[in-house]
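Report on one structure; see the data block that follows.
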Amino acid sequence: MEMKPLTRALLGLACFLIAIWLVAPMFVVVPMSFNENKSLAFPPQGFSWQWYRNFVTHPDWSTSFLNSLKVAVLVAVVATVLGTLAAFGLDRMRQKGSANLLRMLLLTPMVVPGVVLAIGIYAVYLDARLVGTLPGFVLAHTILALPFVLIAVSASLEMFDKRLETAAASLGAGRLTTFRTVTLPLILPGILSGLLFAFVTSFDEIVVSLFITNPYLKTLPVQIYSSITRDADPTVAAVGTVLLCVTTLLIGGGLLLMGRERRSTS
Amino acid sequence: MTGISARGAAIDLTGVGKSYGEFHALRDISLHVKPGEFMTLLGPSGSGKTTTLNVVAGFTEVSSGTLEVGGRNVTGVPAHKRNIGVVFQHYALFPHMTVGRNVAYPLTLRGVARAEREARVARALDMVKMSDFAHRYPSELSGGQQQRVALARAIVFDPPLLLMDEPLGALDKKLREWLQLEIKRIHRELGTTFVYVTHDQEEALALSDRIAVFNRGRIEQVGTGRELYEEPATLFVGRFIGDSTILRGEIQADPSGTALGIAGEVVTTPKRLETAGTPVMLLRPECLALFRPGSACSDGENRLSGTVTEAIYLGSGSKYEVRLADGSMAVVRTGLAAEGFAIGQPVEIRFRGADVKLLADDAQADQMMT
Chain A
15 MEMKPLTRAL LGLACFLIAI WLVAPMFVVV PMSFNENKSL AFPPQGFSWQ WYRNFVTHPD
75 WSTSFLNSLK VAVLVAVVAT VLGTLAAFGL DRMRQKGSAN LLRMLLLTPM VVPGVVLAIG
135 IYAVYLDARL VGTLPGFVLA HTILALPFVL IAVSASLEMF DKRLETAAAS LGAGRLTTFR
195 TVTLPLILPG ILSGLLFAFV TSFDEIVVSL FITNPYLKTL PVQIYSSITR DADPTVAAVG
255 TVLLCVTTLL IGGGLLLMGR ERRSTS
Chain B
21 MTGISARGAA IDLTGVGKSY GEFHALRDIS LHVKPGEFMT LLGPSGSGKT TTLNVVAGFT
81 EVSSGTLEVG GRNVTGVPAH KRNIGVVFQH YALFPHMTVG RNVAYPLTLR GVARAEREAR
141 VARALDMVKM SDFAHRYPSE LSGGQQQRVA LARAIVFDPP LLLMDEPLGA LDKKLREWLQ
201 LEIKRIHREL GTTFVYVTHD QEEALALSDR IAVFNRGRIE QVGTGRELYE EPATLFVGRF
261 IGDSTILRGE IQADPSGTAL GIAGEVVTTP KRLETAGTPV MLLRPECLAL FRPGSACSDG
321 ENRLSGTVTE AIYLGSGSKY EVRLADGSMA VVRTGLAAEG FAIGQPVEIR FRGADVKLLA
381 DDAQADQMMT
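In order, the protein sequences belong to chains A and B. Just add 14 to the spot in the first sequence (first one is 1) and you have the numbering used here. Just add 20 to the spot in the second sequence (first one is 1) and you have the numbering used here.
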């Protein structure tokens, strides 16, 4: 369908404004992180690296960063293993109706409001003495990360030609060997993008973390939140900028992986 | 082991049945394939030929009966322990491996040392004329090339039995005919037992030592192409292999054989139906002759009047389709010297009673032919 020049121009303008709106917070945070004064005023004044230095050297920041990294790595591993197994089980189930029901159940953490989940988890953790512990964080974040792995791996299993497994069997491969040499390499892009999404989900999770944190174990988003509610410390902006770069790289990598997979199977 | 080849394994299916709930995919299949034989399983879709192949390969468990390969009962043995090569219609090459690694795959699984592995991969690729493509990926190959690689992968580990499930089904006619010759040559060179599934009777005739004709989960007849064409055991087989004319009519009293009344005319044969059922006459196109109505006729010849509806010049002769008085169609092949007829021309078809194949009627055989 041909578009009139005016329609085209208006559409372009609308898209441009929406794009600005979506990325505007970043344009605020990034310049602020180089502020010379200890203030969160915008626009910032002068230029300095001091807040980045503060992020690296101040124990509150570096500890919470390492905590987040630790939790996110563990969550990524656990959620990827569990999510991949779940995706496999659902994919190979004979009763498609029950499989769909189970799939919906596993995806509920994406739909249920974070606060509701957080309250539930907090209540249980109080009794189980899991508040402010590493296992507590890993368990809670895994619930949230699992759906992302499930979706990514299910998508690549959907594309996977199961007849290749039959062919492998005819050539002498047992089930485990078939999985290792045929199935796994072909769905690996899906597993890897699931892993990345799981990592990012845990790394920037704040709602549940706020409930189950304590002074002994804080993750980076919790530290950012408590810092900004206490004083106007531009270190927050520096941390935000670092996180922005890291997550952009990770998610970009994940999307690239998914794209490559789609091309190779089509 | 006696037989054509010491390298091919015999197959014995005894009373094999397979049902999915109420549906019987296979009913009491018994089939013996000789070592080194090229056996084709021929039949329309849903007739059980692919299920039978899957049973032999180990992809489908039988509901009843036993399967022996090379004299060993393998009924419950999983597919990966049967050492049987399989070529699929959809090639099933591993997309993440090069051609060379695809072909090396079964050897790697068997722990073949690297030097020998490379030599055998090279030999197998050479046999299918794909040596120049070892470093390509399957996605870079055409369908015919992929199927040749799949064939190399299925023979590289020297299986005593090779199964092929409509391997040429996805290819165009010219490529298919060329690959048929290749498959025949490879069968001759290897001496392996081949079991080949197809729904294409010409392909079956071109390739096979013997053909098993499947219909509705049963084997209707097993024999050489010539046996199936010249002595079909059932109407289904007669119609499935080659062109045929079927004559149905009122059974008339005939002490010396069988007589059928068709739209006021009577045709006879000295043969009698040996099985139960209503007799029908099956005639091959070369057993029929075309004449002008009312022309001179030798004694004892059957004659039926009709109208030419199609005339096809074949070079070596002509093929005619004739609508008979009762509305049924006859297919006639005439030689070079025969007189030509035009579409719409009234004619008489004539045949000798001895050339008639008398078979029991099977209404369902007609439906399957469409």
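The C-beta atom is built at its ideal place from N, Cα and C for all residues, glycine as well.
Sheet register partners of residue i (DSSP bridge)
i, result
"D32/B", "H52/B and E88/B"
"S325/B", "E368/B"
"H44/B", "S39/B"
"L303/B", "T265/B"
"S338/B", "Y333/B and T354/B"
"F361/B", "Paired residues: none, contrary to the question."
"L378/B", "M301/B"
"F311/B", "E368/B"
"G13/B", "Beyond the ends of chain B as shown, which are 21 and 390, falls residue 13/B; an answer cannot be given."
"E250/B", "In DSSP, E250/B forms no bridge with anything."
"V287/B", "L280/B"
Chain-order list of residues whose beta-carbon lies under 7 Å from that of residue i (same chain, five-residue window excluded)
i, result
"I201/A", "V167, S170, L171 and F174"
"R173/B", "N122, V123, Y125 and P126"
"K9/B", "Residue 9/B lies beyond the stretch modelled for chain B, which goes from 21 to 390, so this question has no answer here."
"R269/B", "The sequence as given places Gly at residue 269/B; Arg does not occur at that position. These residues qualify, in order along the chain: L280, G281 and I282."
"Q272/B", "A279, L280, G281 and V286"
"D32/B", "H52 and E88"
"E219/A", "H155, L158 and P235"
"S76/A", "V70"
"P187/B", "V107, Q109 and Q167"
"A212/A", "V89, A90, A93, T94, A159, F162 and V163"
CA-to-CA distance, residue j to residue i, given in whole angstroms
i, j, result
"I157/A", "L234/A", "19 Å"
"L302/B", "I369/B", "14 Å"
"R353/B", "P305/B", "5 Å"
"V257/B", "G237/B", "14 Å"
"S47/A", "G266/A", "23 Å"
"V94/B", "L334/B", "49 Å"
"P275/B", "L344/B", "26 Å"
"C259/A", "L153/A", "27 Å"
"H116/B", "N68/A", "47 Å"
"E294/B", "A253/B", "11 Å"
"L308/B", "F371/B", "5 Å"
"Y66/A", "G128/A", "31 Å"
"M17/A", "I34/A", "24 Å"
"L209/A", "V91/A", "7 Å"
"G186/A", "T195/A", "12 Å"
"K69/B", "V242/B", "13 Å"
"V89/A", "G97/A", "11 Å"
"A358/B", "T289/B", "25 Å"
"D381/B", "F153/B", "53 Å"
"D134/B", "V43/A", "The sequence as given places Arg at residue 134/B; Asp does not occur at that position. Going from the Cα of R134/B to the Cα of V43/A covers about 58 Å."
"L270/A", "I205/A", "13 Å"
The beta strand (DSSP E) enclosing residue i, as first and last residue numbers
i, result
"D185/B", "L181 to D185"
"G243/B", "R238 to G243"
"T213/B", "T213 to T218"
"M349/B", "M349 to T354"
"Q272/B", "E270 to Q272"
"R401/B", "Nothing about residue 401/B can be reported from this structure: the residues present for chain B run from 21 to 390 only."
"T147/A", "T147/A -> no beta strand (DSSP E), and no H or E assigned at all."
"L62/B", "F58 to L62"
"G281/B", "T278 to I282"
Sequence-distant residues of its chain with Cβ nearer than 6 Å to residue i (five each side left out)
i, result
"Y139/A", "V145, G150 and I226"
"A132/A", "V221, V222 and F225"
"A224/B", "T60, L62, T218 and I231"
"V82/B", "V36, K38 and V75"
"I24/B", "Any reading at I24/B is ruled out, since the residue's pLDDT is 39, under 50, leaving its predicted position unreliable."
"F108/B", "D185"
"G60/A", "E50"
"K339/B", "I332 and R353"
"T329/B", "E341 and R343"
"A112/B", "none"
Residue range of the unbroken alpha helix (DSSP H) whose run includes residue i
i, result
"Y136/A", "G128 to A142"
"A77/B", "K69 to A77"
"L113/B", "Element bounds for L113/B: n/a, residue is neither H nor E."
"I34/A", "P19 to M46"
Proximity test, residue i beta-carbon vs the ligand ATP heavy atom, cut-off 7 Å
i, result
"V196/A", "Among the components of this structure there are no ligands whatsoever, and the ligand ATP is therefore not found."
Neighbourhood of residue i by C-beta distance below 8 Å, restricted to the same chain and skipping five residues each side
i, result
"I206/B", "M147, V148, L171 and I175"
"R137/B", "A124, L127 and T128"
Threshold first: 3 residues or longer. Then list the beta strand (DSSP E) segments lying entirely within the segment 59 to 93 of chain A, N to C. none
Sequence ranges, beta strand (DSSP E) only - wholly within the segment 129 to 211 of chain B, length at least 3: 181 to 185
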